[in-house]
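Novice:
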């Protein structure tokens, strides 16, 4: 209301001191979306599932880091895992015996997921199941490393 009145009176410049930072915050908040400050998505997380049943369908990193070690995992069928990094970092380590497909997206962050498409590890069987990693990094870092 003050901006509209100031526009007609040509004296609304003082409100820019409040309006400009507020507009910047609104744009930033709309890009980031809701931030969950739950303990399960902040701090240091480490997971090393060894069975397909123990592999969660999704891992979230709010503020902190995730070390997802899949070197002990043996797949019997194709599986998909989603990694969502908001502010923080995630490293996913997969064994050379596994075939993977990565679908990564980075907004104001970085995602080092390798070449798109299915990639067989150097020791993978030709008929090995494929692990699909769907990653999103918003103001964070996601890295997929195949040993």
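In our numbering, the protein residues as written are 25 to 171. C-beta atoms are modelled at their ideal positions from N, C-alpha and C, and glycine is treated no differently.
1) Would you give the residue range spanned by the beta strand (DSSP E) that residue 146 belongs to?
2) Taking Cβ positions only, does residue 71 come closer than 8 Å to chain C?
3) Output the boundary residues of the beta strand (DSSP E) element that contains residue 88.
4) Given a threshold of 16 other Cβ atoms within 10 Å of its Cβ, counted over all protein chains shown, does residue 28 qualify as buried or as exposed?
5) By Cβ distance, which residues of its chain are closer than 6 Å to residue 108, with the 5 residues on each side in sequence left out?
6) Measuring alpha carbon to alpha carbon, tell me which of 87, 133, 91 ends up nearest residue 116.
7) Cα-Cα, which of 93, 79, 86 is closest to residue 110?
8) Quick one: is residue 170 buried, meaning 16 or more other Cβ sit within 10 Å of its Cβ, or exposed?
9) Kindly list the residues whose CB is nearer than 6 Å to the CB of residue 146, restricted to its own chain and excluding five residues on each side of it in sequence; keep chain order.
10) Mind listing, in chain order, the continuous beta strand (DSSP E) runs of no fewer than 3 residues lying wholly within the region 111-171?
Specialist: Judging by the given coordinates:
1) No residue range can be given for residue 146, since it is assigned to no beta strand (DSSP E) and is classified by DSSP as neither H nor E.
2) Judged by its chain identifiers, the structure shown contains no chain C, having just a single protein chain.
3) Looking at the DSSP string, the run of the beta strand (DSSP E) that includes residue 88 is 82-93.
4) Its Cβ having fewer than 16 others within 10 Å, residue 28 is exposed.
5) If we look at residue 108 and ignore the five residues flanking it on each side, its Cβ neighbours are 84, 160.
6) Checked all of 87, 133, 91; the closest Cα to residue 116 is 91.
7) Nearest of 93, 79, 86 to residue 110, Cα basis: 86.
8) With 16 or more other Cβ atoms inside 10 Å of its own Cβ, residue 170 counts as buried.
9) Correct list, in chain order: 120.
10) List check, beta strand (DSSP E) in window: 123-131, 134-136, 141-144, 154-162, 164-170.
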